[in-house]
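In this text, residue positions in the sequence shown follow our numbering: the first is 84, and each later residue adds one. Report on the structure given below.
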Amino acid sequence: MRLPRPCLIALGVAAFTAGSLALPATASAAGPDYVALGDSYSSGTGAGDYDPASGDCNRSANAYPKLWAASHSTGSFRFAACSGATTDTVASGQLDSLNSSTDLVSITVGGNDAGFSDVMQVCVLQSESACLTAVDNAKTYIRNTLPGRLDSIYSKIRGKAPSARVVVLGYPRLYKIVKVCVGLSNTKRTALNGAADALDTTVSSATGRAGFTFSDVRDEFAGHELCSGDDWLNSVTLPIESSYHPTALGQRLGYLPAFSGSAKLVHSLS
(Lines of atoms letter the chains of each structure in order from A; the text may use other names.)
(Lines give C-alpha, C1' and ligand atoms only; values in the text may rest on other atoms or scores of the structure.)
Protein backbone atom coordinates (compact mmCIF):
# COMPACT_ATOMS: atom_id res chain seq x y z
CA MET A 84 0.00 0.00 0.00
CA ARG A 85 1.14 3.55 -0.45
CA LEU A 86 -0.22 6.94 0.40
CA PRO A 87 -1.17 8.97 -2.65
CA ARG A 88 1.49 11.12 -4.39
CA PRO A 89 -0.15 3.63 -1.14
CA CYS A 90 13.06 -22.40 1.35
CA LEU A 91 14.83 -23.98 1.54
CA ILE A 92 17.24 -23.58 -1.38
CA ALA A 93 15.72 -25.57 -4.22
CA LEU A 94 17.23 -28.94 -3.53
CA GLY A 95 19.21 -30.39 -6.39
CA VAL A 96 18.28 -34.05 -6.66
CA ALA A 97 21.07 -35.92 -8.39
CA ALA A 98 19.55 -37.71 -11.33
CA PHE A 99 20.35 -41.33 -11.66
CA THR A 100 18.91 -43.80 -14.12
CA ALA A 101 19.37 -47.54 -14.11
CA GLY A 102 22.85 -48.38 -15.35
CA SER A 103 23.82 -44.71 -15.79
CA LEU A 104 26.63 -42.75 -14.16
CA ALA A 105 26.02 -39.87 -11.76
CA LEU A 106 25.95 -36.38 -13.18
CA PRO A 107 29.42 -34.85 -13.59
CA ALA A 108 30.66 -32.85 -10.64
CA THR A 109 30.46 -29.66 -12.66
CA ALA A 110 26.73 -30.05 -13.27
CA SER A 111 24.29 -28.95 -10.61
CA ALA A 112 20.54 -28.62 -10.27
CA ALA A 113 19.25 -25.18 -11.09
CA GLY A 114 17.57 -23.31 -8.27
CA PRO A 115 13.95 -22.21 -8.43
CA ASP A 116 12.71 -19.72 -10.97
CA TYR A 117 11.27 -17.16 -8.56
CA VAL A 118 8.90 -14.28 -9.37
CA ALA A 119 7.92 -11.61 -6.81
CA LEU A 120 4.56 -9.97 -7.50
CA GLY A 121 2.42 -7.53 -5.61
CA ASP A 122 2.20 -4.11 -4.04
CA SER A 123 4.47 -1.86 -1.98
CA TYR A 124 4.75 -4.31 0.90
CA SER A 125 6.56 -6.60 -1.54
CA SER A 126 8.37 -3.93 -3.57
CA GLY A 127 9.86 -2.53 -0.36
CA THR A 128 8.44 0.99 -0.23
CA GLY A 129 9.62 2.47 3.04
CA ALA A 130 12.76 0.32 3.20
CA GLY A 131 15.03 2.61 1.12
CA ASP A 132 17.81 1.82 -1.37
CA TYR A 133 15.49 1.78 -4.38
CA ASP A 134 16.49 0.67 -7.86
CA PRO A 135 16.41 3.89 -9.93
CA ALA A 136 15.21 1.89 -12.91
CA SER A 137 12.06 0.89 -11.01
CA GLY A 138 10.72 4.44 -10.95
CA ASP A 139 7.55 4.87 -8.87
CA CYS A 140 7.46 1.12 -8.19
CA ASN A 141 10.06 1.70 -5.42
CA ARG A 142 11.71 -1.72 -5.70
CA SER A 143 14.10 -1.83 -2.77
CA ALA A 144 17.29 -3.81 -2.31
CA ASN A 145 16.04 -4.29 1.26
CA ALA A 146 12.72 -5.86 0.25
CA TYR A 147 12.17 -9.47 1.27
CA PRO A 148 12.11 -10.82 -2.34
CA LYS A 149 15.54 -9.34 -3.05
CA LEU A 150 16.92 -10.56 0.27
CA TRP A 151 15.60 -14.08 -0.29
CA ALA A 152 16.89 -14.27 -3.86
CA ALA A 153 20.30 -12.98 -2.78
CA SER A 154 20.69 -15.76 -0.20
CA HIS A 155 19.42 -18.62 -2.38
CA SER A 156 20.67 -20.18 -5.58
CA THR A 157 17.80 -19.17 -7.84
CA GLY A 158 17.63 -20.29 -11.44
CA SER A 159 16.15 -16.89 -12.22
CA PHE A 160 14.59 -14.02 -10.28
CA ARG A 161 12.08 -11.51 -11.61
CA PHE A 162 11.08 -8.64 -9.32
CA ALA A 163 7.77 -7.33 -10.63
CA ALA A 164 6.16 -6.00 -7.43
CA CYS A 165 5.23 -2.33 -7.63
CA SER A 166 4.13 0.25 -5.13
CA GLY A 167 0.44 1.09 -5.49
CA ALA A 168 -0.45 -2.17 -7.19
CA THR A 169 -4.00 -3.51 -7.03
CA THR A 170 -5.39 -6.84 -8.17
CA ASP A 171 -6.16 -5.19 -11.52
CA THR A 172 -2.69 -3.75 -12.07
CA VAL A 173 -1.02 -6.99 -11.01
CA ALA A 174 -3.17 -8.72 -13.64
CA SER A 175 -2.41 -6.18 -16.34
CA GLY A 176 1.21 -5.30 -15.59
CA GLN A 177 2.97 -8.06 -13.66
CA LEU A 178 1.79 -11.47 -14.82
CA ASP A 179 3.98 -11.47 -17.93
CA SER A 180 6.84 -12.24 -15.53
CA LEU A 181 5.31 -15.69 -15.01
CA ASN A 182 5.58 -18.71 -17.29
CA SER A 183 5.21 -22.48 -17.19
CA SER A 184 8.76 -22.80 -15.79
CA THR A 185 8.11 -20.58 -12.77
CA ASP A 186 8.67 -22.59 -9.58
CA LEU A 187 8.04 -20.05 -6.84
CA VAL A 188 5.84 -16.95 -6.57
CA SER A 189 5.35 -14.49 -3.73
CA ILE A 190 2.66 -11.80 -3.56
CA THR A 191 1.03 -9.22 -1.32
CA VAL A 192 -2.11 -7.64 -2.76
CA GLY A 193 -5.49 -6.37 -1.61
CA GLY A 194 -4.69 -3.39 0.58
CA ASN A 195 -4.85 -0.89 -2.27
CA ASP A 196 -8.08 -2.41 -3.59
CA ALA A 197 -9.62 -1.72 -0.19
CA GLY A 198 -8.42 1.89 -0.30
CA PHE A 199 -6.18 1.70 2.76
CA SER A 200 -4.17 4.73 1.69
CA ASP A 201 -7.31 6.86 1.70
CA VAL A 202 -8.39 5.37 5.03
CA MET A 203 -5.03 6.28 6.57
CA GLN A 204 -5.33 9.84 5.29
CA VAL A 205 -8.76 10.21 6.84
CA CYS A 206 -7.64 8.75 10.15
CA VAL A 207 -4.54 10.93 10.33
CA LEU A 208 -6.16 14.19 9.23
CA GLN A 209 -9.80 13.99 10.25
CA SER A 210 -12.01 13.29 13.21
CA GLU A 211 -12.47 10.04 15.09
CA SER A 212 -15.95 9.54 13.66
CA ALA A 213 -14.70 10.14 10.11
CA CYS A 214 -11.92 7.62 10.68
CA LEU A 215 -14.32 4.97 11.99
CA THR A 216 -16.64 5.50 9.03
CA ALA A 217 -13.74 5.13 6.58
CA VAL A 218 -12.60 1.94 8.31
CA ASP A 219 -16.13 0.50 8.26
CA ASN A 220 -16.46 1.26 4.55
CA ALA A 221 -13.14 -0.46 3.86
CA LYS A 222 -14.18 -3.51 5.89
CA THR A 223 -17.43 -3.74 3.93
CA TYR A 224 -15.42 -3.75 0.69
CA ILE A 225 -13.04 -6.32 2.13
CA ARG A 226 -15.91 -8.65 3.04
CA ASN A 227 -18.09 -8.20 -0.03
CA THR A 228 -15.97 -7.25 -3.05
CA LEU A 229 -12.34 -8.15 -2.40
CA PRO A 230 -12.87 -11.94 -2.26
CA GLY A 231 -13.92 -12.06 -5.90
CA ARG A 232 -11.00 -9.89 -6.96
CA LEU A 233 -8.53 -12.10 -5.11
CA ASP A 234 -10.08 -15.25 -6.58
CA SER A 235 -9.65 -13.77 -10.04
CA ILE A 236 -5.99 -12.75 -9.68
CA TYR A 237 -5.05 -16.03 -8.00
CA SER A 238 -6.68 -17.94 -10.85
CA LYS A 239 -4.71 -15.92 -13.37
CA ILE A 240 -1.47 -16.62 -11.50
CA ARG A 241 -2.20 -20.35 -11.53
CA GLY A 242 -2.98 -20.21 -15.24
CA LYS A 243 0.34 -18.53 -15.99
CA ALA A 244 2.44 -20.65 -13.61
CA PRO A 245 0.62 -23.98 -13.27
CA SER A 246 3.39 -25.75 -11.36
CA ALA A 247 4.55 -22.95 -9.08
CA ARG A 248 4.37 -22.86 -5.30
CA VAL A 249 2.58 -19.57 -4.57
CA VAL A 250 3.11 -17.89 -1.21
CA VAL A 251 0.64 -15.14 -0.34
CA LEU A 252 1.80 -12.92 2.50
CA GLY A 253 -0.51 -10.89 4.69
CA TYR A 254 -0.24 -7.46 6.27
CA PRO A 255 0.85 -6.53 9.82
CA ARG A 256 -1.25 -4.69 12.34
CA LEU A 257 -0.03 -1.11 12.43
CA TYR A 258 -0.19 -0.37 16.15
CA LYS A 259 0.54 -1.76 19.55
CA ILE A 260 -2.15 -0.38 21.83
CA VAL A 261 -0.48 1.33 24.78
CA LYS A 262 -1.56 4.00 27.22
CA VAL A 263 0.78 6.71 25.99
CA CYS A 264 1.83 7.19 22.36
CA VAL A 265 1.95 10.44 20.44
CA GLY A 266 -0.35 10.70 17.43
CA LEU A 267 -3.67 9.01 16.78
CA SER A 268 -6.12 8.12 19.50
CA ASN A 269 -6.34 4.53 20.64
CA THR A 270 -9.84 4.39 19.21
CA LYS A 271 -8.43 5.11 15.75
CA ARG A 272 -5.50 2.73 16.26
CA THR A 273 -7.77 -0.11 17.36
CA ALA A 274 -10.05 0.44 14.38
CA LEU A 275 -7.11 0.38 11.96
CA ASN A 276 -5.80 -2.83 13.52
CA GLY A 277 -9.26 -4.32 13.07
CA ALA A 278 -9.20 -3.40 9.40
CA ALA A 279 -5.81 -5.12 9.01
CA ASP A 280 -7.24 -8.23 10.68
CA ALA A 281 -10.25 -8.19 8.37
CA LEU A 282 -7.96 -7.87 5.35
CA ASP A 283 -5.78 -10.77 6.48
CA THR A 284 -8.85 -12.96 7.10
CA THR A 285 -10.14 -12.33 3.59
CA VAL A 286 -6.73 -12.82 1.97
CA SER A 287 -6.17 -16.03 3.92
CA SER A 288 -9.55 -17.45 2.89
CA ALA A 289 -9.00 -16.65 -0.78
CA THR A 290 -5.50 -18.15 -0.59
CA GLY A 291 -6.97 -21.38 0.74
CA ARG A 292 -9.57 -21.52 -2.02
CA ALA A 293 -6.80 -21.16 -4.59
CA GLY A 294 -4.71 -23.91 -3.03
CA PHE A 295 -1.88 -21.48 -2.33
CA THR A 296 0.10 -20.99 0.90
CA PHE A 297 -0.80 -18.11 3.21
CA SER A 298 1.94 -16.66 5.41
CA ASP A 299 0.62 -14.45 8.21
CA VAL A 300 3.15 -11.77 9.19
CA ARG A 301 1.30 -10.55 12.27
CA ASP A 302 3.24 -12.93 14.51
CA GLU A 303 6.58 -11.69 13.18
CA PHE A 304 5.56 -8.07 13.72
CA ALA A 305 4.00 -8.61 17.16
CA GLY A 306 5.82 -6.30 19.56
CA HIS A 307 7.27 -4.29 16.68
CA GLU A 308 4.23 -2.29 15.59
CA LEU A 309 4.06 1.48 15.86
CA CYS A 310 3.99 2.62 19.53
CA SER A 311 5.89 -0.51 20.58
CA GLY A 312 9.15 1.33 21.13
CA ASP A 313 10.83 -1.13 18.75
CA ASP A 314 8.99 -0.22 15.56
CA TRP A 315 9.52 -2.11 12.30
CA LEU A 316 7.07 0.22 10.52
CA ASN A 317 7.37 3.83 9.44
CA SER A 318 4.96 6.28 11.00
CA VAL A 319 4.19 9.48 9.10
CA THR A 320 7.44 10.26 7.33
CA LEU A 321 8.96 11.72 4.19
CA PRO A 322 8.66 10.76 1.44
CA ILE A 323 5.00 10.47 2.41
CA GLU A 324 4.45 7.21 0.48
CA SER A 325 6.86 5.49 2.88
CA SER A 326 4.48 6.10 5.79
CA TYR A 327 2.90 3.01 7.37
CA HIS A 328 5.19 0.65 5.47
CA PRO A 329 7.82 -1.74 6.83
CA THR A 330 11.28 -0.33 7.40
CA ALA A 331 14.34 -2.19 6.15
CA LEU A 332 14.34 -3.98 9.52
CA GLY A 333 10.68 -4.90 9.07
CA GLN A 334 11.43 -6.40 5.68
CA ARG A 335 14.48 -8.34 6.96
CA LEU A 336 13.16 -9.51 10.34
CA GLY A 337 9.43 -9.55 9.58
CA TYR A 338 8.60 -10.35 5.99
CA LEU A 339 11.72 -12.33 5.08
CA PRO A 340 11.29 -15.00 7.81
CA ALA A 341 7.55 -15.22 7.05
CA PHE A 342 8.31 -15.90 3.40
CA SER A 343 11.30 -18.16 3.99
CA GLY A 344 9.29 -20.42 6.25
CA SER A 345 6.72 -20.98 3.49
CA ALA A 346 9.00 -21.05 0.46
CA LYS A 347 9.96 -24.70 0.74
CA LEU A 348 10.37 -26.00 -2.77
CA VAL A 349 11.92 -29.13 -4.17
CA HIS A 350 13.01 -28.67 -7.76
CA SER A 351 13.77 -31.99 -9.43
CA LEU A 352 15.91 -32.39 -12.44
CA SER A 353 14.11 -33.81 -15.43
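The beta carbon of each residue, even a glycine, is placed where N, CA and C say it ideally should be.
- Would you decide whether alanine 153 is buried or exposed? Buried here means 16 or more other CB atoms lie within 10 Å of its CB. Alanine 153 should be labelled exposed.
- Three or more C-beta pairs below 8 Å linking the stretch 159–168 and the stretch 128–145: Output reads yes: the stretch 128–145 touches the stretch 159–168.
- Item | Residues bridged to serine 298 (per DSSP) | Serine 298 is bridged to Leu252.
- State the start and end residues of the unbroken alpha helix (DSSP H) segment that holds arginine 161. That residue, arginine 161, is in no alpha helix (DSSP H); its beta strand (DSSP E) goes 159–162.
- Residue from Ser268, Arg301, Lys271 whose Cα sits closest to the Cα of proline 255: Ranking the options by Cα distance to proline 255, first place goes to Arg301.
- Candidates Lys239, Gly344, Tyr327: which alpha carbon is nearest glutamine 128's? Before going further, note that residue 128 is threonine rather than glutamine in the sequence given. Threonine 128 has its Cα closest to that of Tyr327, out of Lys239, Gly344, Tyr327.
- Contiguous alpha helix (DSSP H) assignments of at least 4 residues, all confined to the stretch 140–219: 147–153, 170–176, 199–208, all fully within the stretch 140–219.
- Message: Could you give the first and the last residue of the continuous beta strand (DSSP E) run that contains aspartate 116?
- Response: First-last of the beta strand (DSSP E) with aspartate 116: 116–121.
- Item | Three-way DSSP call (helix, strand, coil) for proline 340 in this model | Reduced to three states, the DSSP call for proline 340 is helix.
- If we count Cβ pairs, one from each stretch, closer than 8 Å, do we get three or more for the stretch 238–256 versus the stretch 268–279? The stretch 238–256, when compared against the stretch 268–279, does touch it at the 8 Å Cβ threshold.
- Item | Validate contact between the stretch 167–174 and the stretch 232–244 using beta carbons, cut 8 Å, 3 pairs | These segments touch.
- Would isoleucine 240 be called buried (16 or more neighbouring beta carbons within 10 Å of its own) or exposed? Taking all protein chains in view, the Cβ of isoleucine 240 is crowded by 16 or more other Cβ atoms within 10 Å, so the residue is classified as buried.
- Query: Is it true that the stretch 266–276 meets the stretch 211–223, where meeting means three or more beta-carbon pairs spaced less than 8 Å apart?
  - Reply: Three or more Cβ pairs drawn from the stretch 266–276 and the stretch 211–223 lie within less than 8 Å of each other, which places the two stretches in contact.
- Message: Does proline 230 come out as helix, strand or coil in the three-state DSSP assignment?
- Response: The DSSP-derived three-state label of proline 230 is helix.
- Whose CA, out of Leu332, His307, Val319, lies closest to the CA of glutamine 204? Each of Leu332, His307, Val319 was checked against the Cα of glutamine 204, and the nearest Cα belongs to Val319.
- Item | Distance between glutamate 303 and aspartate 116 (C-alpha atoms, nearest Å) | In a straight line, the C-alpha of aspartate 116 is about 26 Å away from that of glutamate 303.
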